[in-house]
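Each position in the sequence shown, counted from 1, maps to that position plus 212 in my numbering.
First up is the structure itself, then whatever we jot down about it.
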Amino acid sequence: MADIFSKEKRANIMRGSKAKNTKPELVTRRLLASLGYRFRVNYKGLPGKPDIAFTKRKRAVFVHGCFWHAHDDPNCPITRIPTSNVEFWEQKFARNKERHDKVLQKLAEANWEVMTIWECELADVDRLAAKLTRFLGPTRI
């Protein structure tokens, strides 16, 4: 299927994608705050600067966009691999995964527990709230 945008327009759209404070991150942070959790954002004191860090609990949360991190869940309604420049995108997604795997390994070595939230999980906020509460435990420690 051909892209509906010109190459220049598509390049501008992709260039405008943010690396932090994305909508999925903001939604997740609002949810965590409403549940009563305190956290650090893009914490530089840890490998990979987790999107959300709970330093006293030694827990980190990464909020992944389904497209940029090539979510491999067949039920994900968001992930679509581009049909143009396929080799570039396959390599890009592989590099993203490899980099994230290294970060997870370093965090595990430092005795941190990590959760990854996928953009598509934000569709069911109640389910996500339950998942986060199970991962984080009581609001006050």
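All C-beta atoms, glycine included, are put in the ideal place defined by N, C-alpha and C.
No experiment lies behind these values; they were computed from the predicted model shown.
Query raised in the report: Between which two residues does the beta strand (DSSP E) containing E202 stretch?
Result: Residue numbering for the chain in the displayed model covers 213 to 353; residue 202 lies beyond these limits and cannot be assessed.
Query raised in the report: Just curious, the alpha helix (DSSP H) that F305 is in, first and last residue?
Result: V298 to E321
Report task. Compute the Euclidean distance between the alpha carbons of T240 and G248, then round it to the nearest angstrom. Result -> 13 Å
Query raised in the report: If C278 and W330 are in contact, beta carbons under 8 Å, what's the gap, nearest whole angstrom?
Result: 6 Å
Query raised in the report: Within this structure, are the beta carbons of N254 and K270 separated by less than 8 Å?
Result: no
Query raised in the report: For R242, which of D263, K309 and W280 has the nearest alpha-carbon?
Result: D263
Query raised in the report: From which residue to which residue does the alpha helix (DSSP H) around F347 run?
Result: V337 to L348
Query raised in the report: Which residues in the same chain as F251 place their Cβ atom closer than 7 Å to its Cβ, once the five residues preceding and following it in sequence are excluded?
Result: L244, I264, A265 and F266
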